[in-house]
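Number of protein chains: 2
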Amino acid sequence: MPSSDLGLAAQDRVTVVTIARRAGVASSTVSRALNGDPRISAATRERIAAIAMELGYMPDALARTLSGGRSGLIGLVLGPVENPFYVALLQEVVAQAATRGLRPLILHLGAQAVEAETMRALQQYRVDGCLVTSAQLSSDIADLCGRRGVPVVMLNRVTRLRASSVSCDNLGGAAEMARFLMGEGHRRFALVGADTTSSTALEREQGFTQALAAVGLEALRLSGGTSSWMGGFAVGERIAALSSAERPEAVFAVSDIMALGVMDALRRHGLRVPEDVSVTGFDDIAEAARPTYALTTVSQPLVPMVRRGLDLLLARMQDPGLPDEVTLLRGSLTLRASTRARSVAEGCRGQR
Amino acid sequence: MPSSDLGLAAQDRVTVVTIARRAGVASSTVSRALNGDPRISAATRERIAAIAMELGYMPDALARTLSGGRSGLIGLVLGPVENPFYVALLQEVVAQAATRGLRPLILHLGAQAVEAETMRALQQYRVDGCLVTSAQLSSDIADLCGRRGVPVVMLNRVTRLRASSVSCDNLGGAAEMARFLMGEGHRRFALVGADTTSSTALEREQGFTQALAAVGLEALRLSGGTSSWMGGFAVGERIAALSSAERPEAVFAVSDIMALGVMDALRRHGLRVPEDVSVTGFDDIAEAARPTYALTTVSQPLVPMVRRGLDLLLARMQDPGLPDEVTLLRGSLTLRASTRARSVAEGCRGQR
DNA sequence: CGGAATCATGCATACGTGTGCGCATATGAG
DNA sequence: CTCATATGCGCACACGTATGCATGATTCCG
Chain A
1 MPSSDLGLAA
11 QDRVTVVTIA
21 RRAGVASSTV
31 SRALNGDPRI
41 SAATRERIAA
51 IAMELGYMPD
61 ALARTLSGGR
71 SGLIGLVLGP
81 VENPFYVALL
91 QEVVAQAATR
101 GLRPLILHLG
111 AQAVEAETMR
121 ALQQYRVDGC
131 LVTSAQLSSD
141 IADLCGRRGV
151 PVVMLNRVTR
161 LRASSVSCDN
171 LGGAAEMARF
181 LMGEGHRRFA
191 LVGADTTSST
201 ALEREQGFTQ
211 ALAAVGLEAL
221 RLSGGTSSWM
231 GGFAVGERIA
241 ALSSAERPEA
251 VFAVSDIMAL
261 GVMDALRRHG
271 LRVPEDVSVT
281 GFDDIAEAAR
291 PTYALTTVSQ
301 PLVPMVRRGL
311 DLLLARMQDP
321 GLPDEVTLLR
331 GSLTLRASTR
341 ARSVAEGCRG
351 QR
Chain B
1001 MPSSDLGLAA
1011 QDRVTVVTIA
1021 RRAGVASSTV
1031 SRALNGDPRI
1041 SAATRERIAA
1051 IAMELGYMPD
1061 ALARTLSGGR
1071 SGLIGLVLGP
1081 VENPFYVALL
1091 QEVVAQAATR
1101 GLRPLILHLG
1111 AQAVEAETMR
1121 ALQQYRVDGC
1131 LVTSAQLSSD
1141 IADLCGRRGV
1151 PVVMLNRVTR
1161 LRASSVSCDN
1171 LGGAAEMARF
1181 LMGEGHRRFA
1191 LVGADTTSST
1201 ALEREQGFTQ
1211 ALAAVGLEAL
1221 RLSGGTSSWM
1231 GGFAVGERIA
1241 ALSSAERPEA
1251 VFAVSDIMAL
1261 GVMDALRRHG
1271 LRVPEDVSVT
1281 GFDDIAEAAR
1291 PTYALTTVSQ
1301 PLVPMVRRGL
1311 DLLLARMQDP
1321 GLPDEVTLLR
1331 GSLTLRASTR
1341 ARSVAEGCRG
1351 QR
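Listed below in structure tokens is the structure:
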């Protein structure tokens, strides 16, 4: 290899051979010493460790992968970051992965479909495992991973595909919200959903609807198109346009980001939250806690979710034979100021 | 190597030797054929390509790195994702990197300091280059990269460190905003900043202040602590508490996310935007375009910024000897409904 | 028809690390 | 003093790809 393309910047890399020469031993001895092989004497081990420290040696993760099989890379397939919940999820994944010695390699990010480029990267880099939050076309990913023996864990998504999953008890959480709202005296409900039927949104709709149905009530189902602020805003405008007789007393949106859109639209049209309409969501994103929103919502247990997801992934990285596993974590109702008890008397009262 | 730990999932990997055996040629021939070496005859090349296609061969990026030196990985060091601008930046980087065959490896994400884990990963994985948006402790990263000959490009940050950078013309953009507001008849200004003095925020403050100073005006400088919605909200409450005589006619926040906080606080206290106070920001995040905010702001040229950043990075990956380069891109004023012209007559009018 | 030149391909090795196996030395027992 | 054993370390190779160099086959020209 000519040294012409190396340039001046490429410092002579410190490898096991460098250390071996310096210590007067074989490179294999260095490798064993640094990896704590008991066959190496304590004296030699310490001497080698000292030299390694002095030279600032760092083992090459890529070479190690080639030899050992484990890369320490986990592929990330992320959904629409327009929804802050996924950003929080990403942040938590990055933080927790670091503490476990795993490096997140972004394979995909965004609402659009997974492209061929992603699939190629998944195969080329020896990803030890895959964390998936996007619903769109994730079946391709799961399929490819399954064939290559790469474990997959779905976060916030339950799937019939060959993969494990961790998600919130969407059904139970939405049902609890419905019961809470009924307990506050509400009787006319709107359910705000989207057209894209992710498993998450679907379960939340079902949980809410079923809880109402259990006592013979029904919700007005409204779709905002996409699960976004704009989607919620569009629905909110339709709600605001309703006559006070038709107008729901309480709104449940399948995601906080939609709920915020609903609130903004209602207020823009002079309706007060919660005096005129109670608004609720699901996720508990940071924005929901702002004093201007103070959204009552179902909090997703983000930290435990990610922890459990990485647990599942690591276990399957060590033993690929483990069966798929579905974990459901309970969310908790977080009460804020966007809901209020409605006395029986004011049930027939008009707007304002 | 015992096959016990391979498990049942590890399919026999398709490598160049697999193809070589199948085609009855040497592995080197396969490598050359697939890489378009002109010395291989067209017939052989096509035959090998066919077999590779049939077996679904994908070259191992890690092995290629070990041999060739280039990994195709770029390290990402990201700042606080609480600010949606950085999320948009991330999304754009991921999208554009994919089209250039680069894979983003997340080294750090979040407002907190870069930990040792990050530095280790930077050394262990042979990152071809590094994209940095975080200001906090990025000097360590730049330093380490410099010593190892890894090119660094700072996005949205100008630095005196050994690194190239791409950023918006913060000084000019903020000055333009100041001139625009003065042109609309405003005379009393507030400048909303943060305590952490990132180069970006600093430049915007200077640009705004200097443009005012040029015509003998001054701005009331208010800090919200952190550059976040909450920071802006806190400042907004202080502004709302001022008497109508002291209250600024126009507010410029150094980031959109702060500007939104200011708007929310003002409205919460009964002040109207823009009737009572004009509010402006810098970045043009997606939220700023919401009809409920309609924030007048300086739009950062996100797509060109990322494109230029990757250009710089790629150029230095190929030729590490290139000198550092600083690129400034002009932002553009985006006028929305959060500002309004103030006639001279109403200059002395009170609130409402 | 023979030698040289061109062309297509194979051999060997490097990249950096991990590991099975064999070898040398020291230590113990008989 | 000799043989068996334990200890500590080195040799060689594997992982998958890229590439300098050598080699065989083919062709062209004299």
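Note that the protein sequences, when read in sequence, are chains A and B.
Numbering-wise, the first sequence is residues 1 to 352 according to my numbering.
Numbering-wise, the second sequence is residues 1001 to 1352 according to my numbering.
Just so it is clear, CB atoms sit at the ideal spot from N, CA and C, and this is done for glycine as well.
Just so we're clear, the structure is a prediction, and the values are computed from it rather than from any experiment.
By alpha-carbon positions, which one of the options ends up nearest to residue i?
i: B/R1120; options: B/T1200, B/D1140 and B/A1288; result: B/D1140
i: A/P340; options: A/R267, A/M58, A/E249 and A/E287; result: The sequence shown places Arg at residue 340 of chain A, rather than the Pro named in the question. Checking every option, the nearest Cα to that of A/R340 belongs to A/E249.
i: B/S1278; options: B/A1190, B/L1066, B/S1134 and B/V1077; result: B/A1190
i: B/A1163; options: B/L1181, B/C1130 and B/V1192; result: B/C1130
i: A/Y125; options: B/R1336, B/R1022 and B/L1066; result: B/L1066
i: B/L1322; options: B/L1217, B/M1305, B/E1184 and B/G1149; result: B/G1149
i: B/L1260; options: A/T29, A/A240 and A/R290; result: A/R290
i: A/P304; options: A/A315, A/L62, A/S167 and A/F208; result: A/S167
i: B/A1358; options: A/T18, A/V25, A/A245 and A/G110; result: Any property of residue 1358 of chain B remains undetermined from this structure, which presents chain B solely from 1001 to 1352.
i: A/H269; options: A/G281, A/M258, A/S244 and A/F282; result: A/S244
i: B/R1334; options: B/L1312, B/F1282, B/V1306 and B/R1064; result: Looking at the sequence itself, residue 1334 of chain B is Thr, so the reference to Arg does not match. Closest by alpha carbon: B/F1282.
i: A/P301; options: A/F85, A/V25 and A/L212; result: A/F85
i: B/Y1293; options: B/M1182, B/G1309, B/M1263 and B/L1144; result: B/M1263
i: A/T196; options: A/R342, A/G185 and A/G231; result: A/G231
i: A/G193; options: A/G183, A/R187 and A/T209; result: A/T209
i: B/Q1112; options: B/L1122, B/G1216 and B/T1133; result: B/T1133
i: A/R336; options: A/E325, A/V273 and A/D319; result: A/V273
i: B/V1017; options: B/L1144, B/L1055 and B/A1097; result: B/L1055
i: A/V326; options: A/V152, A/M58 and A/V127; result: A/V152
i: A/A23; options: A/E46, A/D60, A/G185 and A/E184; result: A/E46
i: B/G1072; options: B/D1060, B/D1128, B/S1027 and B/N1083; result: B/D1128
Which two residues bound the contiguous alpha helix (DSSP H) that contains residue i?
i: A/M20; result: Sequence check: residue 20 of chain A is Ala here, not Met. That run of the alpha helix (DSSP H) goes V16 to A23.
i: A/I51; result: A42 to L55
i: A/G173; result: N170 to G183
i: B/L1310; result: L1302 to Q1318
i: B/R1032; result: S1027 to L1034
i: B/A1088; result: P1084 to T1099
i: A/M119; result: A116 to Q124
i: A/L66; result: A61 to G68
Between which two residues does the beta strand (DSSP E) carrying residue i extend?
i: B/V1279; result: S1278 to D1283
i: A/V132; result: G129 to V132
Per DSSP, which residues does residue i bridge with? Please list them.
i: B/S1332; result: B/S1299
i: B/P1104; result: B/I1074
i: B/L1144; result: In DSSP, B/L1144 forms no bridge with anything.
i: A/S164; result: A/V153
i: A/Y192; result: Looking at the sequence itself, residue 192 of chain A is Val, so the reference to Tyr does not match. A/V192 pairs with A/L222 and A/A253.
i: A/L109; result: A/L78
i: A/V326; result: A/S165
Quick test of the definition: if touching needs 3 or more C-beta pairs under 8 Å, does the segment 197 to 213 of chain A touch the segment 158 to 177 of chain A? yes
If we require 3 or more residues per run, which beta strand (DSSP E) segments fall completely within the segment 1208 to 1275 of chain B? 1219 to 1223 and 1250 to 1253
Could you check whether the segment 1292 to 1307 of chain B touches the segment 1173 to 1188 of chain B, counting it as contact only if at least three pairs of C-beta atoms, one from each stretch, sit closer than 8 Å? yes
Indicate whether the contact test is met: 3 or more Cβ pairs, each with one atom in the segment 266 to 281 of chain A and one in the segment 111 to 125 of chain A, closer than 8 Å. no
Does the segment 1227 to 1240 of chain B touch the segment 1325 to 1335 of chain B, meaning 3 or more C-beta pairs lie closer than 8 Å? no
Is it the case that the segment 67 to 85 of chain A contacts the segment 100 to 107 of chain A, given that we only count it when at least three CB pairs across the two stretches are under 8 Å? yes
Measuring CB atoms only, is the segment 1088 to 1102 of chain B touching the segment 1034 to 1043 of chain B, in the sense that at least three cross pairs come out at less than 8 Å? no
Taking contact to mean at least 3 C-beta pairs separated by less than 8 Å, is the segment 46 to 59 of chain A in contact with the segment 1035 to 1055 of chain B? no
On the three-pair Cβ rule with 8 Å, is the segment 1219 to 1228 of chain B touching the segment 1241 to 1260 of chain B? yes
State whether the segment 211 to 226 of chain A contacts the segment 283 to 291 of chain A, with contact taken as three or more CB pairs (one from each stretch) at a distance under 8 Å. no
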